[in-house]
Each structure stands twice: as structure tokens, then as C-alpha cells.
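The working numbering puts the sequence shown at residues 18 to 148. For every residue, glycine included, the Cβ atom is placed at its ideal position computed from N, Cα and C. Accompanying notes for the structure given below.
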Amino acid sequence: MSDTTTESEAVRIAREMLAALTGISQARVRLVATRMEQRAIGDALLIYEAQFEARYIEGAGGEKALGSNAESRERALIIARAADTEWTRLSAVQVGLESKHEHQRIALDDLLDAQQVRRYLIRALTPGAGE
């Protein structure tokens, strides 16, 4: 392979790298947006749980009515939360966002790995770059 061929190949790969930067940037924006959604849902779930537990305890006639010890009361609250449709919905959204975030992180890692491979190719194809 001639120096001209390897240089033109390196230029083509460099152009691919520049084009891929847009995809990497967009992937980072999506990742941050999903993380912000996760935080918002996490906050909403925390507030909902606190309000739900306060209502449930009051409706039961106080904490002691839920069980004789802390473990019994916690079990009663877990069972009650699991039966609550809004809590179940918020929990499912939270789990879905966690999964979405993980998939987006993996996709971003794949894009970054591809960029690294392009860098290696450019170095390999550019005469004198490895010296």
C-alpha cells in the first residue's frame, strides 16, 4: 500500500471520527436527560412513600396497630405499598428508567470504543505516526 493510499484512508477515517462526534454528543445528552428523569421519579417516589405511609399508619390507628415490633410494621407497610397502584406505577417507571439509563450508557461506551479504534487506525495508517 502506498503512502498516498494510507494517507487518504487515514483522512477518510478522520472524517468518520468527526461525523461520529455528533452521535457521541447526542448519546451523552440522552444519558443526562434520562439521569434527570431518574432523579425526578426517585424524588416523587420518596415523597409518595412518605405520604402513603403517614396515611396508612393513621388509617390503621397508629404504628402499634401495624405490628408488635419494627420488623412487623415494616412488613405491613411493604405489603400495603405493593398493593397501591400509584406506588406500583412509580416503581415501575423508576425501574424502566434505570434500565434505559444502563442501555444508554452501554451505547455511549460502544460509540467511544469505536472512536478509539478509529484513532488506532489513523495512527497505523499515517506514515511516521508510530515513531
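### Query
Which class does Ser85 belong to by DSSP, given the choice of helix, strand or coil?
Walking along the sequence shown from the start, residue 85 turns up at place 68. Coil.
### Query
In whole angstroms, what is the alpha-carbon distance linking Ser89 and Leu83?
Walking along the sequence shown from the start, residue 89 turns up at place 72. Walking along the sequence shown from the start, residue 83 turns up at place 66. Whole-angstrom Cα-Cα distance: 7 Å.
### Message
Contact criterion: CB-CB distance below 9 Å. Does Thr23 meet it with respect to chain B?
### Response
The structure shown has no chain B; it contains just one protein chain.
### Message
Please state the DSSP three-state secondary structure of Thr143.
### Response
Counting from one through the sequence shown, the residue named residue 143 turns up at place 126. In the structure shown, Thr143 sits in coil (DSSP, three-state: anything other than H, G, I, E or B).
### Task
Leaving out five residues on either side along the sequence, give the residues of the same chain with a beta carbon under 6 Å from the beta carbon of Glu103.
Here the question's residue 103 lines up with position 86 in the sequence shown. Result list for Glu103: empty, nothing under 6 Å.
### Message
Tell me which residues share the same chain as Phe69 and place their Cβ nearer than 7 Å to its Cβ, disregarding the 5 neighbours each side in the sequence.
### Response
Within the sequence shown, residue 69 is the residue found at index 52, counting from 1. Arg98, Asp101 and Trp104.
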